[in-house]
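Have a look at this one:
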């Protein structure tokens, strides 16, 4: 794959001091960008232009986020729908198994998130998994990874539309046809996705985090004051394999925000700050996941629901769903934003429209946003079951974006030095395990979620019925 196949952006990127930061975790300093016969030239990172180029004087400047704004966006994107299915995971696989799985996935996804950054520092032109595909596999890889990236993000958007419908049904006592709530969601999500830069979305992200935190706290406190009578708790459970694995897939999904992280890194003022944002996210989400899952399960027992906000009394559930609305909407908006941004960059990289507020740029941006949200709404109306939708999406896509591909990306940038030192051998083993984990989660997860979807008859496609 030749580097001149990438779209040629405008201007020059900031000069990063990548060598040290990448080498610290075992990647090599400078590698050939392709391994075909013709391209033996070694390319320093600073010779490659990042996708947004030099933004001095541009109408719209993308590379404006501080690390804490990046952390808030990552928290808002990660801690949203996933947390709502975790107490039910403990019901299925037991308290002990659930706690171990949540902690283990937290550690693994922190490392896989770090390898994404190592790859991005090696190749500053990377702004999405589509670009990763081009570096790994040429034009075919770009299209394959780009398609998978957009599909995954649109499915995530669909699950937010679906949760919005559930929330509205809960809040209004099924005040009108569920499809009407879906259309309201479609309009709302589309309007909020309009800001063109991640920095503007980061202010919404703060509201999103406060919202999910408050909703989960209210549910925990209400259940603590008034636990569900006759509940059963199990320390270790023995479910059948598809059921158990589908539960683990929900934990995978709760940590499965990696798909969008390359897009976040590309809009940081200084990409070297990304590890601070990553550590902030992983400390916050692992702590919150553990506390919420254990406390809600302890007080609701085997009567816990998924999404968990409906586990408390009807009044408290309503209050919790009302407070959770911002996170349901904003986390969906973040997925909508990165999807629209990917399509927009593919269309306009290297042209004046990328940084313009002109008619072509603005109308194209609006059309892309409406198009992707329309598709997400169609999906939401067609697949009514919450947990099994999450399990299916996590198995098919999060398995690769959060586990398999980060391992492959490290193996690619460290090619030729895998066994050069004990540390490299250890990292080689870690990344091979990541790849294997991605394959296992994908294959077994698809089987498990397919089995669950086939036997689950609750809910109907395109139905006016109450799905709360």
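Numbering (UniProt numbering), first residue to last: 1 to 468. A virtual CB, placed ideally from N, CA and C, is assigned to each residue, including glycine.
Around the Cβ of residue i, are there at least 16 other Cβ atoms within 10 angstroms (buried) or fewer (exposed)?
| i | result |
| --- | --- |
| residue 128 | buried |
| residue 31 | Because the pLDDT at residue 31 is just 34, under 50, the model does not fix this residue reliably, and the point stays unresolved. |
| residue 57 | exposed |
| residue 454 | exposed |
| residue 388 | buried |
| residue 229 | exposed |
| residue 84 | buried |
| residue 283 | exposed |
| residue 27 | Bear in mind that the predicted position of residue 27 carries a pLDDT of just 36, short of 50, making it unreliable; the figure below should be weighed with that in mind. With 16 or more Cβ atoms within 10 Å of its Cβ, residue 27 is classed as buried. |
| residue 203 | exposed |
| residue 150 | buried |
| residue 40 | Only weak support is given to the placement of residue 40: the predicted model assigns it a pLDDT of 33, under 50, and the value that follows is read from those uncertain coordinates. Under this definition residue 40 is an exposed residue. |
| residue 436 | exposed |
| residue 461 | exposed |
| residue 242 | buried |
| residue 240 | exposed |
| residue 463 | exposed |
| residue 191 | exposed |
| residue 452 | buried |
| residue 124 | buried |
| residue 238 | exposed |
| residue 181 | buried |
| residue 199 | buried |
| residue 329 | buried |
| residue 428 | buried |
| residue 467 | buried |
| residue 112 | buried |
| residue 374 | exposed |
| residue 36 | In this prediction, residue 36 scores a pLDDT of 36, lower than 50, which makes its location untrustworthy; no coordinate-derived value is stated. |
| residue 24 | Because the pLDDT at residue 24 is just 40, under 50, the model does not fix this residue reliably, and the value given afterwards should be weighed accordingly. Label assigned to residue 24: exposed. |
| residue 159 | buried |
Using 8 Å for Cβ pairs, my map puts residue i next to residue j. What's the rounded Cβ distance?
| i | j | result |
| --- | --- | --- |
| residue 280 | residue 71 | 4 Å |
| residue 292 | residue 234 | That pair is no contact at about 18 Å. |
| residue 318 | residue 171 | 6 Å |
| residue 407 | residue 432 | 7 Å |
| residue 316 | residue 99 | Not confirmed; about 25 Å, so no contact. |
| residue 285 | residue 75 | 7 Å |
| residue 65 | residue 335 | Not quite, the Cβ-Cβ distance comes to about 17 Å (not below 8 Å), so this is no contact. |
| residue 269 | residue 59 | About 18 Å; that fails the 8 Å criterion. |
| residue 251 | residue 101 | 5 Å |
| residue 311 | residue 163 | Between residue 163 and residue 311 the Cβ distance is about 15 Å, and since that is not below 8 Å, they are no contact. |
| residue 253 | residue 82 | 5 Å |
| residue 165 | residue 380 | 7 Å |
| residue 97 | residue 236 | 6 Å |
Assuming contact is defined by CB atoms lying nearer than 7 Å, are residue i and residue j in contact in what I supplied?
| i | j | result |
| --- | --- | --- |
| residue 417 | residue 247 | no |
| residue 337 | residue 201 | yes |
| residue 277 | residue 67 | yes |
| residue 331 | residue 211 | no |
| residue 321 | residue 167 | yes |
| residue 333 | residue 193 | yes |
| residue 154 | residue 185 | no |
| residue 425 | residue 419 | yes |
| residue 205 | residue 73 | yes |
| residue 267 | residue 447 | no |
| residue 142 | residue 265 | no |
| residue 289 | residue 86 | yes |
| residue 353 | residue 359 | no |
Which residue's Cα is closest to the Cα of residue i: the options?
| i | options | result |
| --- | --- | --- |
| residue 347 | 377, 146, 66 | 146 |
| residue 287 | 59, 79, 51, 73 | 79 |
| residue 430 | 110, 451, 65 | 110 |
| residue 226 | 123, 313, 375 | 313 |
| residue 117 | 452, 402, 461 | 402 |
| residue 249 | 363, 424, 392, 383 | 392 |
| residue 326 | 77, 59, 61 | 77 |
| residue 368 | 358, 344, 359, 381 | 344 |
| residue 263 | 342, 159, 376 | 342 |
| residue 195 | 467, 139, 365 | 365 |
| residue 261 | 231, 221, 339, 237 | 339 |
| residue 51 | 113, 132, 73 | 132 |
| residue 450 | 423, 383, 434 | 383 |
| residue 130 | 114, 152, 115 | 152 |
| residue 299 | 90, 82, 54, 119 | 90 |
| residue 444 | 121, 122, 244, 141 | 244 |
| residue 272 | 96, 434, 114 | 114 |
| residue 349 | 380, 97, 126 | 126 |
At least one CB of chain D closer than 7 Å to the CB of residue i: is that the case?
| i | result |
| --- | --- |
| residue 250 | Chain labels in this structure do not include chain D; a single protein chain is all it has. |
Checklist entry - Would you say the region 171-187 touches the region 389-405, given that touching needs at least three Cβ pairs under 8 Å? => result Between the region 171-187 and the region 389-405 there are fewer than three inter-stretch CB-CB distances shorter than 8 Å, so the stretches are not counted as touching.
- request: Give a yes or no on contact between the region 296-306 and the region 99-114, applying the rule of three or more CB pairs nearer than 8 Å.
  value: The answer is no - the region 99-114 does not touch the region 296-306, with fewer than three Cβ pairs under 8 Å.
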